[in-house]
């Protein structure tokens, strides 16, 4: 007999409930939709939080050329701002044209074909994982900037936060957004105040001074080419401020109606906020003289570079403006850390949605398109969480290393998404659809977007490839190939099981085999059920591997006066399936083709360890018999209660599961009816 | 739908065949029995191989007291020899009285009760694992003594050998014994020659001189108590020469007929050989002045104690007698290493046999009593192999540490086994059974044996407990408790499923539910089989989680003109089991108690990865429905071929598995018969 654990009613279920909350019905789906004021923190935290690291990475790269290079910072930052404006404008068009949440994937798929769509999908999947990793790493950086004692637990903290986010998200969208709205608004507010105060103090002649303002670093003597490359690299790193803009376009279905307008205005609001914070923070950092180096030890004046990390740019600015250790300093750091963790949360909204879309289109396992008890795509969330943890462990939660892998994917999807939009508008123009002015406007905006993002993609690739981004160019093709393979597999399966003209009913014959090991209740229950099903003919079959046991069974069979014929099959190789297969073959030779139902008693055990104590034989037999043509397997369950009697644990019964333990007597009417009668009606 | 891998015909099967050989029928069991000349190497290698380490450990302990203590060595060795004679004599009696292979376990169980039996069993189980670990560790020691370059791979070598032994044993008893007979005889012969040559050279005034003869070690100033304790410790370590004597008594069923006489003479032959080799080797070692210390660095004169291990006693004697690097030296080392590995092999014969006996008596999982394809108890072998590997890794394959855990278990089972024998003879005396003289002889021999082994057990425990043997005293109670728990579990299950007077047939009613997800062949095949089974009433049931899909199905249902009623069940929580459970409940409210058969289509996939691409939903549904009272699950398999079509792999079909891929048409006679007719015969 096979054994299976009880799924429902087990204790693990109540633990799950405690963690995730009660299950929600499907019609609650609308109730889970997001109003704008909650959608902003959810979908915008990624783009906004980039402010916490984009200026830092921008300035850090520039400082590789020496302090003098910092004078180029405003220009580089301005380029980033311009790019941000263009991209936000482009995505406003995209949301309107494709509001189903497929985002760049859908646009590229529909307008540029399957392959472009899959390139975007693989780019986005990689980038979602990196969004989690980078944001959490940066968040932990900011926490450590405020509480340096935590430095030894950097990786553990990062992994812990990812798992926490995963758990929160598994509970469902709205609850997470509620919990997340406060810190996002706090971050926007407090950083804005910090920028204003910093700039006002400067205006009034009391400019804030960063702790690192006195640190110097030796600039290398750069050739003209290296000079330009350095500027481009700084720009590339600054572009990390753009990550997350696409999140809104992927999340449109989660918005409250009118979805498109709400999503669009959220996008614009987010873009505006991001620009103000990015530009403002860069300005205050420059004004207060933050000198931030990739390797703290290269800073002339930084004392304990070996033991402690350099505080993040955000921490240095906050300390300069409000004073190290002031309450406002800690508020800024806490809000920054929180919003970075929420940025990771964006991916927990986007990745499962994209996964579900891919699963719907049969490019990913169907299980990614299954909503869990709490109406979220649980499997996608778990996948994302585990992948992010792996990346964090591999890269030791180092922001500087992780950021090198980042953005490539974003700009791949930006470029292909915008190109798809251009194709979309051109097609509309040709077909004469839509408002002519609007179409032209869209075409111009998206053409600009496509061109600009393509250029940036090239810049980013060139400047980052050797710094670690090559890995992304390995992962993307792997994902691409996997998705293509999955699609081909599903297509083949669908074709195989498609109902066509040749599909007809008409299997005939109805022979039942009840496998009898010993004269025990589970076997008799199976026999009883087989009798109840009134098969045309029925045989109790015993596979003999031990002569003595067989003889005992034969005697008991006669004693109990069971009038179903007991067929003994010899099994010299102690195999249980082959003799039965042979029996079925012979039966068919005599009686013609017939459907054969094999009844197998099956123990249901209450604890995982119990299954160690029961032979796996029946499971093997079942799997083997299922390969035989024209055979159905009827599992007759027998719930083993003894463990619960001994160990005093009783699991919750499923609704409808009235009583257990005495299945044969439960519907008893007559004692041992002559089964021969049933046989007679053949 | 659930997915299950195909067990037979898969590629893993052919790999298994290559490794293990073709399966053997049960009636070949007698052909697998051992003639004496093969039984000796198999069952005696353990006891004989102890010679390779027992003298070494004995001398090593004595040397803790300084070189002067070596003069006690002959006396201590003599004690060991006497003990060996007594134990062999005792076991001759035991084999005759209990030839079924249960050995000490059976004797203690039958004569002293269940608990004594389980104590013996747990002691033996622990000691089998340690036999493997100690023998392999010592074997690797001897290999490294000859080839010191292998020292860094000590643990890897040890684990590798254990896995090799496991694989060889999984192929079956006789083949392993053939492979193993040669080195055992080579070992006996070559060591015997070495002893004779060594002693003859001494007699003729040309005594061999060991390389370590010049090394000295400082003796501690010992109190009288410490002096005696040291002698006892040396004796305890020397007693490791006795391990393996019981192997023959546990292996009687594997002997060729007449089993008892063959086993007895093998035992005596083994005992004699062990005594000659042990005494001879100790003598030559003393004559040639081998100075062996636990820590090579404590030896005054041993140069590279930090980097290289001291050669084993066997290697030092061989080098002294035949010359370091001579061919005979390498033959001795190779034979020693081989016979030690074969000693480990003894455990691979004994452990699974004991496991099977325990499983037969319901103290261990039944799977330990299942003979594999090659007629051996495969599961026990795998368990032993893995446990030994774990111990070797934990103790870094260090012989000196492992030997501290050893012997305790052996003497526990010796003592209880002999005590049981005493009880056996006393009972026979009282009942007046058997030949009076023989019974009295047995009583005297076994009383002596019991007394002596009990004393030794106390000595061994006292001298070894703090040196690591405490672990054995933790493991044994754990095993003991586990076995008692397993027994109680099986007893409870057996009582629960026992057929009694109240067991009656008579389940009535015959309703079939066919779960329909989409209009696809697997679902229709399930419906077809349900129709073929001619249930009293039948309903196609669709659990609706997506309105659109449900509407499509309803239309197709009408289009295809399937006259089985399609019941739509709403599932707001996207659960599949609960709506069906509710449906069954309502059905029974209307029609009275009835057996319900739920038909579930089930994908059978060819590769493990395919199951990732199919929802696990049906498996969950199946497990949930099996908890419902009065429900049987009929699995209708659908073999997915597409993967093989794409990837060009086709697995071997099971006999009887004629054709695949078109199950519905296969037995077609009439296209789409009106199922309404079937309904009518209610």
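Residue numbers (my numbering), protein chains in the order written: chain A, 44 to 725; chain B, 44 to 725. In this text, a Cβ means the ideal position worked out from N, Cα and C, and glycines have one as well. None of the values given here were measured: they were computed from a predicted structure.
Non-local C-beta neighbours of residue 129 of chain A in its own chain, meaning closer than 7 Å and more than five positions away in sequence, comprise 491, 492 and 495, ordered along the chain. For residue 669 of chain B, the chain A residues whose Cβ falls inside 8 Å of its Cβ are 47, 645, 647, 678 and 680, in order along the chain.
Residues of chain B with a Cβ closer than 9 Å to the Cβ of residue 313 of chain A do not exist; the shortest Cβ-Cβ separation is about 33 Å. The beta strand (DSSP E) runs of length 3 or more contained entirely in the segment 599-682 of chain A are, from start to end of the chain, 609-613, 638-648 and 674-682. Listed along the chain, the chain B residues whose CB falls inside 8 Å of the CB of residue 611 of chain A amount to none; the nearest CB is some 15 Å away. Within chain A, 539, 540, 541, 542, 543 and 546 have C-beta atoms less than 9 Å from the C-beta of residue 564 of chain B, given in sequence order. For residue 404 of chain A, the closest Cβ of chain B is not nearer than 8 Å. Cβ-Cβ separation between residue 355 of chain B and residue 99 of chain B: approximately 6 Å, consistent with a contact (criterion under 8 Å). Proximity to residue 77 of chain A across A:242, A:309 and A:193 peaks at A:309, based on C-alpha coordinates. Each residue's CA atom was taken as its position, placing residue 644 of chain B and residue 430 of chain A some 33 Å apart. Put simply, the CB of residue 411 of chain A is far from chain B, with every gap to its CB atoms at 8 Å or more.
Beta-carbon to beta-carbon, residue 213 of chain B and residue 419 of chain B are separated by about 7 Å, close enough to satisfy the 8 Å threshold.
Contact between the segment 388-397 of chain B and the segment 165-175 of chain B is present: three or more C-beta pairs spanning the two stretches fall below 8 Å. Per the C-alpha coordinates, the member of A:524, A:631, A:481 and A:283 positioned closest to residue 158 of chain A is A:524.
The DSSP-derived three-state label of residue 582 of chain A is strand. A distance below 8 Å separates the beta carbons of residue 303 of chain A and residue 295 of chain A. The shortest CA-to-CA distance from residue 550 of chain A to any of B:95, B:679 and B:618 is the one to B:679. The C-beta of residue 270 of chain B has fewer than 16 other C-beta atoms within 10 Å across all chains shown, which makes the residue exposed. The C-beta separation of residue 612 of chain B from residue 626 of chain B comes to about 6 Å, placing the pair in contact by the 8 Å criterion.
By the neighbour-count definition (other C-beta atoms within 10 Å, threshold 16), residue 683 of chain A is a buried residue. Against residue 552 of chain A, the close residues of chain B are 575, in the order they occur along the chain (beta-carbon pairs closer than 7 Å). The contact set of residue 572 of chain B on chain A, defined by CB atoms closer than 7 Å, consists of 550, 638 and 675 in chain order.
For residue 462 of chain A, the CB contacts under 6 Å within the same chain, skipping 5 residues up- and downstream, are 493 in chain order. Of all residues in the segment 592-617 of chain A, those with a C-beta nearer than 9 Å to a C-beta of chain B are 599, 603, 605, 614, 615, 616 and 617, reading in chain order. Interface annotation for the segment 522-533 of chain B against chain A: 529, 531, 532 and 533, criterion Cβ-Cβ distance under 8 Å. Within the same chain, and ignoring the five residues on either side of residue 533 of chain B in sequence, the residues whose Cβ sits closer than 6 Å to its Cβ are 405. As computed with DSSP, residue 541 of chain B is found in a beta bridge with A:563. Counting along the chain, residue 467 of chain B sits inside no beta strand (DSSP E); it lies in the alpha helix (DSSP H) bounded by residues 451-474. The alpha-carbon of residue 95 of chain B is positioned some 22 Å away from that of residue 206 of chain B. From the listed residues A:555, A:580, A:379 and A:326, the smallest Cα separation to residue 243 of chain A is found for A:326.
As DSSP reads the structure, residue 224 of chain A sits in no beta bridge.
Counted as a single uninterrupted DSSP element, the alpha helix (DSSP H) harbouring residue 152 of chain B occupies residues 146-155. Residue 553 of chain B sits in a strand when the DSSP states are folded into three classes. Note that the segment 363-383 of chain A touches the segment 186-203 of chain A; at least 3 beta-carbon pairs, one per stretch, sit closer than 8 Å. Short of 6 Å from the beta carbon of residue 132 of chain A, and not among the five residues preceding or following it, lie these beta carbons of its own chain, in chain order: 488.
Residue environment analysis places residue 190 of chain B among the exposed positions, since fewer than 16 neighbouring C-beta atoms fall within 10 angstroms of its C-beta.
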